[in-house]
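Student: Structure below; questions to follow.
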Ligand SMILES: Cc1ncc(COP(=O)(O)O)c(C=O)c1O
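In the working numbering, the protein residues as written are 38 to 231.
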């Protein structure tokens, strides 16, 4: 795709009419438990700019909560993902494996610190990765307790919700929680602007 111009451009009220129309459809069709910070609907994004459905271009300070660090539509990612989709979308690695999974594990071994032998397992989300890390640690150590840092966020599934410290909005009303979770204090800085 052609790169988005790297400029802020506001051509309608925010949110614009098309975003407002989509917001009404969203309210009718999407469960209320899924929140959005800004009721502006994305049409395209790239290089730190989000272009909304009304043609406004906004600086993307959200970055998918800091996960689009290579860009929202990085050319290399688009190229590899498109080629993969054309070849096959899914086989389940646990049924019939494929090279891409092995390649990612090799890249992780290369990119992470340390020159010892390393192995990876890939999962669909952070919460799933944390859950599996706990399963692997429990199976290996034969111990059940998990120690987490106070103020840490681990996810929204049942176990990661128990590991997460913040009650609102992640835990309130969603118990009972998984047992054997222990919290330890961690250095925490707060800034005062007074
Ligand atoms: C430190 C940490 N752990 C776990 C998660 C959960 O990841 P996911 O939302 O992909 O389940 C996040 C997500 O923001 C995270 O920041």
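Beta carbons are placed, not taken as given, at the ideal position from N, Cα and C, and that holds for glycine.
#1: From the DSSP output, read off the bridge partner residues of residue 81.
#2: To which residues does DSSP link residue 220 through a beta bridge?
#3: Determine the direct distance from the alpha carbon of residue 210 to that of residue 69, and round the result to whole angstroms.
#4: Is there at least one non-hydrogen atom of ligand 1 closer than 7 Å to the beta-carbon of residue 167?
#5: Give me the Cβ distance between residue 217 and residue 196, rounded to the nearest whole Å; I'm assuming they're in contact under 8 Å.
#6: Can you say whether residue 46 is buried or exposed, counting buried as having 16 or more other CB atoms within 10 angstroms of its CB?
#7: So residue 56 and residue 97 are in contact, right, with Cβ under 8 Å, and what is the actual spacing, rounded?
#8: Just to confirm the assignment: which complete alpha helix (DSSP H) runs, minimum length 4, are found wholly within the region 92 to 117?
#9: Tell me, please, whether the region 114 to 127 touches the region 58 to 78 by the rule of three or more beta-carbon pairs shorter than 8 Å.
Tutor: Put simply:
#1: 88
#2: 185
#3: 15 Å
#4: yes
#5: Not really, about 10 Å apart at Cβ, beyond 8 Å.
#6: exposed
#7: Residue 56 to residue 97, Cβ: 15 Å. No contact.
#8: 100 to 103
#9: no
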